[in-house]
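> Right, I'll just put the structure down here and ask away after.
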Amino acid sequence: MTCDDVAMTVADRGVRTPADPVGIAGAVRAGRRTASDVAESVLSRVRARDIAPALFAGVDAERLRAEATALDTRADRFALPLAGVPVAVEDGIDVAGRATRHGSTATADTPVRRDDVLVRRLRAAGALVVGTTIAPELGLGRDGAPGGRATAAATGEGLAALSIGIDGDGALRAAAAAHGLLALTPGRRELPLPGGAPRLWSGLAGTTVLAADVDGVRVAFEVLRASRAGAVPRQGTAPGWASPGGALFPPGRAPRPVTVTDGVEDLPAPRAVACSLRSGRGLWADPRSCGAVHAAARRLAESDVAVSADDPPYRAWLPAQVSRRRDAGVARRVDELGLDPDLLGPDVRAALRRDRQVRRLGGPRPASPGRWRQRAVALFDDGGYDVLLLPAPADGEPPACLSAWNLAGLPSLVAPVRWGDERRPVQLVGRAGSERLLLGTAALLEER
Numbered sequence: 001m002t003c004d005d006v007a008m009t010v011a012d013r014g015v016r017t018p019a020d021p022v023g024i025a026g027a028v029r030a031g032r033r034t035a036s037d038v039a040e041s042v043l044s045r046v047r048a049r050d051i052a053p054a055l056f057a058g059v060d061a062e063r064l065r066a067e068a069t070a071l072d073t074r075a076d077r078f079a080l081p082l083a084g085v086p087v088a089v090e091d092g093i094d095v096a097g098r099a100t101r102h103g104s105t106a107t108a109d110t111p112v113r114r115d116d117v118l119v120r121r122l123r124a125a126g127a128l129v130v131g132t133t134i135a136p137e138l139g140l141g142r143d144g145a146p147g148g149r150a151t152a153a154a155t156g157e158g159l160a161a162l163s164i165g166i167d168g169d170g171a172l173r174a175a176a177a178a179h180g181l182l183a184l185t186p187g188r189r190e191l192p193l194p195g196g197a198p199r200l201w202s203g204l205a206g207t208t209v210l211a212a213d214v215d216g217v218r219v220a221f222e223v224l225r226a227s228r229a230g231a232v233p234r235q236g237t238a239p240g241w242a243s244p245g246g247a248l249f250p251p252g253r254a255p256r257p258v259t260v261t262d263g264v265e266d267l268p269a270p271r272a273v274a275c276s277l278r279s280g281r282g283l284w285a286d287p288r289s290c291g292a293v294h295a296a297a298r299r300l301a302e303s304d305v306a307v308s309a310d311d312p313p314y315r316a317w318l319p320a321q322v323s324r325r326r327d328a329g330v331a332r333r334v335d336e337l338g339l340d341p342d343l344l345g346p347d348v349r350a351a352l353r354r355d356r357q358v359r360r361l362g363g364p365r366p367a368s369p370g371r372w373r374q375r376a377v378a379l380f381d382d383g384g385y386d387v388l389l390l391p392a393p394a395d396g397e398p399p400a401c402l403s404a405w406n407l408a409g410l411p412s413l414v415a416p417v418r419w420g421d422e423r424r425p426v427q428l429v430g431r432a433g434s435e436r437l438l439l440g441t442a443a444l445l446e447e448r
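So for the sequence shown, UniProt numbering puts the first residue at 1; every next one is plus one.
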């Protein structure tokens, strides 16, 4: 079976069985299930799914089993928020023992020796890395998987309970929407970028977390973000945390324990939400996406949230500025990795040509992201809104209303709203630092 054979709306396939990360971790912590059992279940799914080879660049079964066995012997496993949770990592984020190819045959096929900090933090919280998922070359465009990104497809198929990747123009969030998943791209500098890079894609790209429910995204985000602040993520207040595979923090610095809360009940709820059916300046979303926004607005109103119609101040130049920064970021990445342009694929070569043309004209406007961010923040301030409720695509194609928020550097969450037996995607956008509020809003949409 090829990707083309299964490249259809996930809801129409009727085979999606996404895993429950919080449920898995709870069972492992309580001793009702072992990490080894979880690992064998995942490997069985990988073997049974014909599509798995089209989604994973590599799955190291023996290492997965060894890590699961080691986790089962850890005295502190009852305190690990992601105990035994299978995680997929997008190619482009270093996983020790595997080559980081960035989706390109032009890169070296040499295994890296050390996990990226993102992977180390997930492992420290008890996660099991299933493998690396296939990615489009240098993150540009779609990779041929159902929905457009293998990272989202692997999670939607239940081959991993959580996944992390990089979203530079909304493509990963769009793919998550196509699979009925949640995908959180936090605000700028909330989470580390791969390799400790200060910025990727000229500031557009952000580390993104995918899962099938709010709780899964919440726990993964808290684990990654808490560690950034020099804290060890733990479930509850149980003692005895130990770092596997090397220290995460400088010698002599005792990490401050952080409690990962037990459920979504502690997440804040919005008071006022602005909803819009626009997908860009002068553009309406498709009828299905508009229906999802209407359904979400009704659900929020039923939860006593004040919902008002108000459009973001989209500008006609936003798509062009996103494209120019994306192309400039790809060109910079080619230089950083020392790649031969003649060995790159047609999409990347086209991006390099466009970047050369733009640079001859002076390059992307440096003030554009700041101007757009100021306009967006003014919408929150003037209307007194906590959250924006916007359309999200169901077909995996990223519209301008997704990439615009990468340019602004504001947090964006794609989440499904339950409507009968369907899960229709919408986008939630908030102010800087409002990630937990976005998750709390998504929790209201998740309720039946």
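Every residue, glycine too, gets a C-beta built ideally from N, C-alpha and C.
Predicted model, so just to flag it, every value in this text is computed and none were measured.
Within a Cβ cutoff of 8 Å, which residues of the same chain sit near residue 110, ignoring the five residues on either side of it in sequence?
Excluding positions up to five away in sequence, the list reads 99.
> Over the uninterrupted alpha helix (DSSP H) stretch that includes residue 301, give me the two end residues.
Residue 301 -> alpha helix (DSSP H) spans 287-302.
> Using DSSP's beta-bridge definition, name the partner residues of residue 284.
Beta-bridge pairing links residue 284 to 278.
> May I ask which residues mark the beginning and end of the alpha helix (DSSP H) holding residue 412?
No alpha helix (DSSP H) holds residue 412; the beta strand (DSSP E) holding it covers 412-419.
> Identify the continuous beta strand (DSSP E) that holds residue 140 and give its terminal residues.
Taken as a continuous stretch (DSSP letters only), residue 140 belongs to no beta strand (DSSP E), as it is neither H nor E.
> Are residue 210 and residue 152 closer than 8 Å when you measure CB to CB?
The answer is yes: Cβ separation under 8 Å.
> Report the rounded CA-to-CA distance for residue 485 versus residue 119, giving the unit in angstroms.
The structure shown does not extend to residue 485, since the chain spans only 1 to 448, so no value can be given for it.
> Look at the alpha carbon of residue 326 and the alpha carbon of residue 291, and state the distance between them as a whole number of angstroms.
Each residue's Cα considered, the two are about 31 Å apart.
> Leaving aside the five residues before and after residue 80 along the sequence, list all residues of the same chain whose C-beta is less than 6 Å from its C-beta, in chain order.
Excluding residues within five positions, the ones whose Cβ falls inside 6 Å are 125, 126.
> Write down every uninterrupted run of the beta strand (DSSP E) in the region 72-132 whose length is 3 residues or greater and which is fully enclosed by it, in chain order.
The qualifying runs are 86-90.
> I need the straight-line Cα distance from residue 353 to residue 116, nearest angstrom please.
Approximately 31 Å between the Cα atoms of the pair.
> Quick one: does the C-beta of residue 28 sit closer than 7 Å to a heavy atom of the ligand FMN?
For the ligand FMN, the structure offers nothing, since it holds no ligand at all.
> With distances taken Cα to Cα, identify the nearest neighbour of residue 429 among 407, 421, 165.
Cα-wise, what sits closest to residue 429 is 407.
> Rounding to the nearest angstrom, what Cα-Cα distance links residue 376 and residue 68 in this structure?
In a straight line, the C-alpha of residue 376 is about 45 Å away from that of residue 68.
> Taking residue 388 as part of the beta strand (DSSP E), name the residues at either end of that continuous run.
That run of the beta strand (DSSP E) goes 387-391.
> For the putative contact between residue 185 and residue 169, defined by C-beta atoms under 8 Å, what is the C-beta separation to the nearest angstrom?
Residue 185 to residue 169, Cβ: 11 Å. No contact.
> Tell me whether residue 422 sits in a helix, a strand or coil according to DSSP, three-state version.
It is a strand residue.
> Go ahead and pull the three-state DSSP assignment for residue 33.
It is coil, neither helix nor strand.
> Assign residue 335 to one of three DSSP states: helix, strand, or coil.
The answer is helix: DSSP assigns residue 335 an H, G or I state.
> Checking 8 Å against the spacing of the C-beta atoms, do residue 25 and residue 82 come in under that value?
Contact: yes.
> Can residue 85 and residue 162 be called in contact, C-beta distance under 8 Å?
Yes.
> Just tell me which of 133, 74, 107 has its CA closest to the CA of residue 95.
Looking at the Cα atoms, 133 is the closest of the given residues.
> If you count every other CB in all the chains shown that lies within 10 Å of the CB of residue 18, and 16 or more means buried, which is it?
That one is buried.
> Say whether the region 386-405 touches the region 278-295, bearing in mind that this needs 3 or more beta-carbon pairs closer than 8 Å, one atom from each stretch.
Enough Cβ pairs lie closer than 8 Å, so yes.
> Measuring only the C-alpha atoms, how far is residue 419 from residue 295?
Residue 419 and residue 295: Cα-Cα distance of roughly 7 Å.
> Can you grab the Cα-Cα spacing for the pair residue 267 / residue 431, in whole Å?
Roughly 16 Å separates the two Cα atoms.
> Taking only runs of the alpha helix (DSSP H) that begin and end inside the region 346-388, which ones reach a length of at least 4 residues, in chain order?
List check, alpha helix (DSSP H) in window: 346-360, 368-383.
> Who are the near neighbours of residue 59 in its chain, counting only those whose CB is closer than 7 Å to its CB and skipping five residues on each side?
Hits under 7 Å: 46, 130, 131.
> Using CA coordinates, which residue listed in 323, 386, 281 is at the minimum distance from residue 357?
With distances taken between Cα atoms, residue 357 lies closest to 323.
> Whose C-beta lies closer than 8 Å to the C-beta of residue 364 among residues of the same chain, with five residues either side of it excluded?
Within the same chain, residue 364 has close Cβ partners 202, 321, 324, 325, 328, 358.
> Excluding the five sequence neighbours on either side, which residues of its own chain have a C-beta within less than 6 Å of the C-beta of residue 343, listed in chain order?
The residues are 106.
> At what residues does the beta strand (DSSP E) containing residue 211 begin and finish?
Run containing residue 211: 206-211, per the beta strand (DSSP E) assignment.
> Between the C-alpha atoms of residue 278 and residue 30, what's the straight-line distance to the nearest angstrom?
Roughly 47 Å separates the two Cα atoms.
> Just curious, the alpha helix (DSSP H) that residue 434 is in, first and last residue?
Unbroken run through residue 434: none, as it is neither H nor E.
> Between which residues of its own chain and residue 440 is the CB-CB distance below 6 Å, once the five residues before and five after are set aside?
Within the same chain, residue 440 has close Cβ partners 267, 268, 269.
> Taking only the alpha-carbon atoms, compute the straight-line gap between residue 175 and residue 427 and give it to the nearest angstrom.
Going by the C-alpha atoms only, they are around 13 Å apart.
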